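The next block holds one structure in the form of structure tokens; read it before the comments.
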Amino acid sequence: MAASTRSCCCSVPGCSTSGRRQPYLSFHAFPKDETLRKSWVRLIRRDEGPSFSILRGSTFICSLHFNKESIYVLESGRKRLKANTIPTRFPWNNWGDDQPRRWSVFDRNITICNSRSEQRERAFWNSNKKQ
Ligand SMILES: [Zn+2]
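Quick note, the sequence shown lines up with residues 9 to 139 if you use the numbering used here.
What follows is the structure in structure tokens.
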């Protein structure tokens, strides 16, 4: 789903951005791919359940949590995420600055059933580690 400046706020705990106050940010819906979506939920330290449910059109993560390289801009000016992008920048990892130390921890915690998605995700994570 396309990012929209009308979306209300960010689902990441500790992040209180809003499209109204920060119109320069883009807000991105959770991926349709279930494996990837679960990775997102885990990465933002939430569990899908009564206290947190992902609603299409109203549950977003703001662009602060993604690497700049993961976001591209359409001719219309709308911002989109590249395929298989995962959020990596959070208040608890100093907005990505702690990344090299944290990756191994995240890596171990990831369990994926779908082997094709796992390969895809591993490739993505490995390419991230090199940066
Ligand atoms: Zn945010």
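Beta carbons are placed, not taken as given, at the ideal position from N, Cα and C, and that holds for glycine. If you're wondering where the values come from, they're calculated on a predicted model, not measured in any experiment.
Exercise. Return yes when the C-beta of Thr25 is under 7 Å from any heavy atom of ligand 1, and no when it is not.
Key: yes
Quiz item: Could you give the C-beta distance for Ser47 and Ile94, rounded to a whole number, given that I count them as a contact under 8 Å?
Solution: 6 Å
Quiz item: Looking at the structure shown, is Ala91 part of a helix, part of a strand, or coil, going by DSSP?
Solution: coil
Practice problem: Just the C-alpha distance for Ser105 and Phe98, rounded to the nearest angstrom, thanks. | Solution: It should be pointed out that residue 105 corresponds to Asp in this sequence rather than to Ser. Going by the C-alpha atoms only, they are around 9 Å apart.
Exercise. With DSSP collapsed to three states, give me the class of Ser47.
Key: helix
Exercise. Using the DSSP secondary-structure output, state which residues sit across from Tyr80 in a beta bridge.
Key: Arg88
Quiz item: Leu51 to Arg86, Cα distance in whole Å?
Solution: 25 Å
Exercise. Please name the residue in Thr43, Thr25, Gly27, Leu33 whose C-alpha comes closest to that of Arg128.
Key: Thr43
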